[in-house]
Structures are given as C-alpha cells and as structure tokens.
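Peer 1: Counting from 123, one number per residue, gives the positions in the sequence shown under this note's numbering. C-beta atoms are modelled at their ideal positions from N, C-alpha and C, and glycine is treated no differently. Quick caveat, the model's predicted, so the values are computed rather than measured.
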Amino acid sequence: MFGASIHADTNALLNRLAAAHHPLVVSHGGVSIGSVPSNTTLATRAALLSGADIVKIDVSSSVDHVFFAFHDGFESEFLGVDRNIQAMTAGEIGELSYHWKDRPGRRQRVERLTALLGEFKDRPFVFALDRSWWRWPTLLRVLDGLGMPGQVLLKVPAWEGQALDRLRQHRTKYPVLAICYTLDEVRALPIHDPEINLVGVEIIAHDEDSPWFDAEVMQRLRRDKLLTWVNSETLTTGIPLFAGHDDEKALAESPSAAWSRLFNLGVDAVQTELPWLLYHLRQRRERD
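(1) Alpha carbon to alpha carbon, how far is residue 174 from residue 240? Give it in angstroms, no decimals.
(2) So residue 372 packs on residue 399, CB below 8 Å; how close in whole Å?
(3) How far does the beta strand (DSSP E) with residue 324 in it extend, from its first residue to its last?
(4) Pull up the CB-CB distance for residue 364 and residue 337, whole angstroms please, since I reckon it's below 8 Å.
(5) How long is the line joining the alpha carbons of residue 144 and residue 385, rounded to whole angstroms?
(6) Of all the alpha helix (DSSP H) runs that stay within the bounds of the stretch 157-227, which reach a length of 4 or more residues?
(7) In chain order, what residues of the same chain lie with their CB nearer than 7 Å to the CB of residue 316, ignoring the 5 residues before and after it?
(8) Buried or exposed, going by whether 16 or more other CB atoms sit within 10 Å of the CB of residue 329?
(9) Based on Cα-Cα distance, which residue from 303, 335 and 343 lies nearest to residue 320?
(10) Kindly identify the DSSP beta-bridge partner or partners of residue 299.
(11) Measure the Cβ-Cβ separation of residue 393 and residue 354 and say whether it is below 8 Å.
(12) By the DSSP assignment, the alpha helix (DSSP H) with residue 402 in it spans what residues?
(13) Run through the stretch 236-296 for me and flag every whole beta strand (DSSP E) of 3 or more residues, listed as ranges in chain order.
(14) In whole angstroms, what separates the C-alpha of residue 444 from that of residue 290?
(15) What three-state label does DSSP hand residue 341 in the structure shown?
(16) Is residue 308 helix, strand or coil by DSSP?
(17) With a cut-off of 8 Å, do at least 3 Cβ pairs link the stretch 201-215 to the stretch 246-263?
(18) Could you give the DSSP three-state label for residue 353: helix, strand or coil?
(19) DSSP state of residue 130, grouped into three classes?
(20) Output the distance between the C-alpha atoms of residue 377 and residue 403, rounded to the nearest integer angstrom.
(21) In chain order, what residues of the same chain lie with their CB nearer than 6 Å to the CB of residue 154, ignoring the 5 residues before and after it?
(22) According to the neighbour-count rule (16 or more other Cβ atoms, all chains shown, within 10 Å of its Cβ), is residue 238 buried or exposed?
(23) Under 8 Å, do residue 190 and residue 232 count as touching if we go by C-beta distance?
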C-alpha cells in the first residue's frame, strides 16, 4: 500500500490500480493525435482508450484566478498568440483556440480545468496535476468543490517547502507526488507526517550513475510506502529525465529497449506520450 494508513480511504483508488497492474501507465497530457490537442477532454478519453491508468494534466491560471488545462509557455505554438496565458483574463482565454487544430464548425478551445476533471468524476482512473503548486492557495479550494480527492494526485518539487506547508494546513489531504533528483531530497521529505498525504516520488536521473538504478535504494523507497514514478517523455531541451529510457528510444529501437529496464527496476508508474505502446508492453510481459 502506498501512503500512510491514515489516508487509506483517499488513496484507495490509486492503490487498487497499482495492485492490478505494474507499472501504471501515465499518459502525458492525454493522447494528442489528429485534431485532438493535449490537456483536453478528448485527449483524456484517447488516453483511457489507449490503456492509461493516470492522465497528467498541466495547470494554468488566468489573472482573475480561473484555472485552465494548459502548459503556459506554448501560447505562440499552440494558440497563435504572443502573450502568456497567465497574463490574460478568463474571458480572453475563453476566446482562444488551438489554431492548428481548428476546422470549420468546430474550434478547439482551451478547456477550464474544473470542466475537464469533472467530466471524469467517479471513473476508475487518476489525474496527476502538474505545474500547480504555486497556485495551491486558490486551487485547493477549487478542487475541494469537485469532491474527487481520490482521483487527484498533486505533483510538487521536493524542495518546495512552502507548498508542502500549504498542504499540511489544508483540510483535504490530496495524494502528493514529490519530484526528486537526489536521495537527500527524498530523506528530507515529510514521509511520516500525517498531515501530508505523500504517496510517492517522481525520480529524475540524467544518467545511470543515479542512485535510482540501485536495487537497494528502490527497495528502501518501497519500504517507506512510496510509489516510484519515472517520466519517459523526451524533452526538447535534450535533457534526459531517466537516463535515456524514453519515448524516442521506444520508437527508434523498440518499446522493450526503452522500458524493460524500468520494469526490471520495479518502477511503479511510467509517464509517457505513447501510452498504448507502454500498455501493450505491459500486457505482453504480464502474459509471459
């Protein structure tokens, strides 16, 4: 079981998914293909149809504190505007669309976060919200209004102590995933603090000298009831998130070449933009 027993009810869905399949398939932004942009309802549906257990969604906010499912910084590429979405009002954002996905009679709008999440309430899968921790003073109250704490996993860098304090003070104990580069960052986490529902760590490794490739280290994380999560996305910066075991390798060589090492390490969740390939690899290994 991941997380402390005091939070067992909230974490029940995540633990049920983890018990059923290993590793969990995490879809990065949903499946963006054809006319479907990422961070949308249709992309989420496509991810579920592709075998995903978890869908990672990016969070942005308007200046008047309305939350949208969008990765700010990509406005020019995705929306055809040169302003950051966080400097706009909700009304202005509501007029934007994914210009390269539009077609006559149907514009692909930027979606409000609550509408996207609420569309899947009580479905047996989890959302992981990224790029949201500095918005928690407002966002946590908005999430409370949805009434789906067991379906919302919050990502936060391990070193963001102020954000962790915000979770400690908040009444609803949402599951939390801490992003860690080093063992020292893991050791500094509030693993035994009942006021923070820490269920796992996203472990980053630029190369295989990382401690995450040590079997004993991984066993220690499991003993601490921490789910281990690897991001297999290939960044445009070229910086590897897990020593080159990534999506690009899955295409250039094979899914097995990219991800078998992660399976063998016992990683509990893998985030990818190719969830159907990871799902089929998992299915094949489960049959074997």
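Peer 2: Let me lay it out:
(1) 18 Å
(2) 6 Å
(3) 320-325
(4) No, residue 364 and residue 337 are not in contact; Cβ-Cβ is about 16 Å, not under 8 Å.
(5) 8 Å
(6) 163-171 and 212-216
(7) Closer than 7 Å at the Cβ level, and outside the excluded window around residue 316, lie 126 and 128.
(8) exposed
(9) 343
(10) Paired residue(s): 277 and 322.
(11) Judged by beta-carbon spacing, residue 354 lies within the 8 Å limit of residue 393, meaning their Cβ atoms are closer than that value.
(12) 397-409
(13) The beta strand (DSSP E) runs lying completely inside the stretch 236-296 and spanning 3 residues or more are 248-252 and 274-279, given in chain order.
(14) Here the chain covers residues 123 to 410 and nothing more, so residue 444 does not appear.
(15) helix
(16) helix
(17) no
(18) strand
(19) Taken through DSSP and simplified to helix, strand or coil, residue 130 comes out as coil.
(20) Taking C-alpha positions only, residue 377 is separated from residue 403 by approximately 7 Å.
(21) 160 and 165
(22) buried
(23) Closer than 8 Å, so yes.
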